[in-house]
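Structure first, commentary second.
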Amino acid sequence: MAVTGCVCHDISFEELREIARESKCSFDELSKKTKCCTGCGMCEPYVRLMLRTGQTRFDPLPPHEAEHVIAEAVSADGSLLN
507 MAVTGCVCHD ISFEELREIA RESKCSFDEL SKKTKCCTGC GMCEPYVRLM
557 LRTGQTRFDP LPPHEAEHVI AEAVSADGSL LN
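Note that the sequence shown covers residues 507 to 588 in this note's numbering.
Dropping the structure here:
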């Protein structure tokens, strides 16, 4: 089953991609604007990948890969939600 959006806030990665493109916003700005990644947080690596690649459907990531995606993004831009 593909991962296609933020379940907690019922917003698809397609919608998030459009908002990010129209607003030219960063991960942190997108999260503040849409509340994505502020519920359970499981969508964070996918949102970061979506912003980097434009992809909106993902195979589920193993935990170590999800952690790597987040760590890589944080080291690149310093953004981390907490």
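In this text, a Cβ means the ideal position worked out from N, Cα and C, and glycines have one as well.
How long is the line joining the alpha carbons of residue i and residue j, rounded to whole angstroms?
i	j	result
Cys-542	Glu-524	14 Å
Asp-583	Leu-555	14 Å
Thr-496	Ile-517	A query on residue 496 cannot be resolved here, the shown segment of the chain reaching from 507 to 588 and no further.
Cys-514	Cys-549	9 Å
Gly-511	Thr-559	15 Å
Are the beta-carbon atoms of residue i and residue j separated by less than 8 Å?
i	j	result
Phe-564	Ala-508	yes
Thr-575	Pro-551	In the sequence under discussion, the amino acid at residue 575 is Val, which differs from the Thr named in the question. Yes; because the gap between Cβ atoms is below 8 Å, this pair is in contact.
Leu-557	Thr-540	no
Where DSSP assigns a beta bridge to residue i, which residues make up the other side?
i	result
Ser-518	Gly-511
Phe-533	Paired residue(s): none; Phe-533 is not in a bridge.
>> Across the stretch 565–572 and the stretch 534–547, are there enough close Cβ pairs to call them in contact, namely three or more that are closer than 8 Å?
In response: no
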